[in-house]
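Asker:
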Ligand code: ADP
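In this note's numbering, the protein residues as written are 167 to 830.
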């Protein structure tokens, strides 16, 4: 072997042979090797033949002929052994030949430790990306949770304002009433007002207490004050106090106790809150005609005795997705039947925490549309001081008496006064409104939006005072429905609301509400709105009277009120020659009842139906006198009068001059 070239440059074979003298160490860049060799038989070196092989690169010997160089380019890192054998021209091969060993080292980044480093880096990278992603998800979830909490809190504050403002309206309003008429007010009415003030004050107190209790629970400061007594009569008593409330809502409340007595430790106040919440929810979310069963029992579960209280209703039920959330604080299911009803969303969360404070559990089973069943398990212990009977607190009766029957609410006598329809789910507020309007308006009361709409269609009131937050159809929906129906679109609507923000007012106004009254309000405010709206209506009627119908029919602008009148006039004109055409026929053709037509026409034109029909006939007669050559008696018959003398009399009454004064 007499030479090695790397990338065409001679390489000193004596250097870099640290390991073994015959092994040369090269870097990964020194991979273009040219081996030079000379023959071993020097007799005729030009005729020497060669074979070489780079192990393990070549599998076979390569015939080089007389060529004395072998070149390998682009060799991979690894150990190589270059061997060469030669022969003289007699074809005698020197089998031993010569060899040179080389090691092409791999690049540092392809070494095993580099790969480990790569693996570590990759793992590190994946972990960081994953962590980053998890972090992002966490941040997103947190933001979502915060926004949900925010919405829940906003709802809570809206609801709580409503819950506070409603009793405050009654308290402040009734106090105002009492103050202004302290001398003239009959004793029973004064007493009634005082009762209402007290009751609503107690409702506020209960609300505040519930909130405080929740706050105390949160800080772990709420303690149980158990007494040992018979729990069954106490729970029965609590349920009984709900009977009139249930009856009021036409719900059958049945208490079914499998045991008559069970002496155990219980904190009466806390148990009362639990029962109160479960029962008031059951009643609130159950339709009239349905049933609520309270079932009391005692049971042994894994060697522990439990008191079991089940409250089962056949109400609206709760969907599976909402079922897990109803015990969350401030959570209220957002469905049309509940979204605007009373409530704060803290009832069930407080109930659950109180049950847990008693080391008990609360479960719920529910099917949407079929009903719900809340089951409370309270462990039975008998360690507290024994008392004969737990004191039945008068406050317990808040619920039963706050929704009192008020038969007088819809009794009216004075029919000359304008008719006001009050749509309000809170009986006390409705009563307060009615008492405010006494002597000023005749009043009717509807306890929810659906009934309100029905009553508005039936009675066509002169004005409507409507609460915004109600179960079923809320005030906005009532407003939108009535304002888009030609029968009721003229009726001014005053919205009563605890949500008095600009946005809420704008929503109300966009639905067509005519005025807003924020709770709590006093009589003077209500009167101002009523007077404004009634006088506006009167002005419209006067304008209508002055302009007459002919003007109206010519007017191109369609406004809802004139639309109805136009329709009525056109119906009358079609049958104008028929002298028997009267209120009944007009109502029939309009597909309405006579009283509906009467009230609608009276509200817009100030005239009764028969006077209105006569006016249309006379107006038409007047036009015929002006535009035709017919005689007055011909015209009288043509517009449905069967006595020309009567036509002339009525004409003079209507226009102030006789028809003959007009005829040419
Ligand atoms: P709220 O003050 O709104 O009643 P709760 O915490 O008592 O608050 O109840 C939370 C929600 O659970 C209610 O808004 C209602 O949608 C639902 N809910 C509670 N009880 C019942 C029931 N018996 N039937 C149907 N839905 C119910």
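Ideal Cβ positions, reconstructed from N, Cα and C, are used throughout, including at glycine.
Short check: CB of residue 633 to CB of residue 641, under 8 angstroms?
Answerer: yes
Asker: Under the three-state reduction of DSSP, which class applies to residue 817: helix, strand or coil?
Answerer: helix
Asker: By Cβ distance, which residues of its chain are closer than 6 angstroms to residue 775, with the 5 residues on each side in sequence left out?
Answerer: 749, 763, 764, 767
Asker: Buried or exposed for residue 348, please, with buried defined as at least 16 other CB atoms from any protein chain shown within 10 angstroms of its CB.
Answerer: exposed
Asker: Could you work out which residue in 290, 740, 360 is closest to residue 831 when comparing CA atoms only?
Answerer: Since the first and last residues shown for the chain are 167 and 830, residue 831 lies out of range.
Asker: For residue 235, does the count of other Cβ atoms within 10 angstroms reach 16, so buried, or fall short, so exposed?
Answerer: Exposed is the call here.
Asker: Am I right that residue 268 and residue 192 are in contact with their C-beta atoms under 8 angstroms? What's the rounded C-beta distance?
Answerer: 6 angstroms
Asker: Quick one: what's got a C-beta closer than 6 angstroms to residue 461's C-beta in the same chain, skipping five residues either side?
Answerer: Closer than 6 angstroms at Cβ, skipping near neighbours: 422, 476.
Asker: Per DSSP, residue 259 is paired with what?
Answerer: 253
Asker: Please state the DSSP three-state secondary structure of residue 809.
Answerer: DSSP places residue 809 in the coil class of the three-state scheme, outside both helix and strand.
Asker: Could you please give the first and the last residue of the uninterrupted alpha helix (DSSP H) stretch that includes residue 302?
Answerer: Unbroken alpha helix (DSSP H) run through residue 302: 278–346.
Asker: Here's the rule I'm using: 16 or more other beta-carbon atoms within 10 Å means buried, otherwise exposed. How should residue 511 be labelled?
Answerer: buried
Asker: Whole angstroms is fine: what's the gap from residue 344's alpha carbon to residue 463's?
Answerer: Between the alpha carbons of residue 344 and residue 463 lies a distance of about 49 angstroms.
Asker: Would you give the residue range spanned by the alpha helix (DSSP H) that residue 670 belongs to?
Answerer: 668–676
Asker: Mind reading off the beta-carbon distance from residue 544 to residue 526? Whole number of angstroms is fine, and I expect it under 8 angstroms.
Answerer: 4 angstroms
Asker: Please determine whether the Cβ atom of residue 448 lies at a distance below 7 angstroms from any heavy atom of ligand 1.
Answerer: yes
Asker: According to DSSP, what are the bridge partners of residue 632?
Answerer: 589, 661
Asker: State the Cα-Cα distance for the pair residue 787 and residue 805, rounded to the nearest angstrom.
Answerer: Those two C-alpha atoms are separated by around 6 angstroms.
Asker: Determine the burial state of residue 681: buried for a count of at least 16 other Cβ atoms within 10 Å of its Cβ, exposed for fewer.
Answerer: buried
Asker: How long is the line joining the alpha carbons of residue 459 and residue 409, rounded to whole angstroms?
Answerer: 12 angstroms
Asker: In angstroms, rounded to a whole number, what distance separates the CA positions of residue 799 and residue 747?
Answerer: Cα-Cα distance, rounded: 19 angstroms.
Asker: Considering only heavy atoms of ligand 1, does any lie closer than 7 angstroms to the CB of residue 597?
Answerer: Every heavy atom of ligand 1 is 7 angstroms or more from the Cβ of residue 597, so no.
Asker: What's the C-alpha gap between residue 179 and residue 169?
Answerer: 7 angstroms
Asker: Give me the residue from 326, 760, 405 with the minimum Cα distance to residue 377.
Answerer: 326
Asker: Rounded C-beta distance between residue 615 and residue 588? I'm assuming under 8 angstroms.
Answerer: The Cβ separation is near 12 angstroms, so there is no contact.
Asker: Give me, in chain order, the residues of the same chain whose beta-carbon lies closer than 7 angstroms to that of residue 816; leave out the 5 immediate sequence neighbours on both sides.
Answerer: 780, 784
Asker: Taking the alpha-carbon of residue 638 as reference, which of 451, 241, 439 has the nearest alpha-carbon?
Answerer: 451
Asker: Any idea what DSSP makes of residue 825, helix, strand or coil?
Answerer: helix
Asker: With which residues is residue 763 paired in a DSSP beta bridge?
Answerer: DSSP, once it has assigned bridges, lists no residue as partnering residue 763.
Asker: Roughly how many angstroms separate the alpha carbons of residue 537 and residue 679, rounded to a whole number?
Answerer: The alpha-carbon separation between residue 537 and residue 679 amounts to approximately 36 angstroms.
Asker: Grab the span of the alpha helix (DSSP H) containing residue 538 for me, first residue to last.
Answerer: Looking at the DSSP string, residue 538 is not in any alpha helix (DSSP H); the run it does join, the beta strand (DSSP E), is 537–545.
Asker: What is the C-beta distance between residue 742 and residue 771, in whole angstroms, given that I count them as a contact (C-beta under 8 angstroms)?
Answerer: Actually they are not in contact, since the Cβ atoms of residue 742 and residue 771 sit about 18 angstroms apart, beyond 8 angstroms.
Asker: Going by C-alpha to C-alpha distance, which of 436, 479, 605 sits closest to residue 522?
Answerer: 436
Asker: Looking at the structure shown, is residue 171 part of a helix, part of a strand, or coil, going by DSSP?
Answerer: Correct three-state label for residue 171: strand.
Asker: With H, G and I counted as helix, E and B as strand and the rest as coil, what does DSSP make of residue 533?
Answerer: strand
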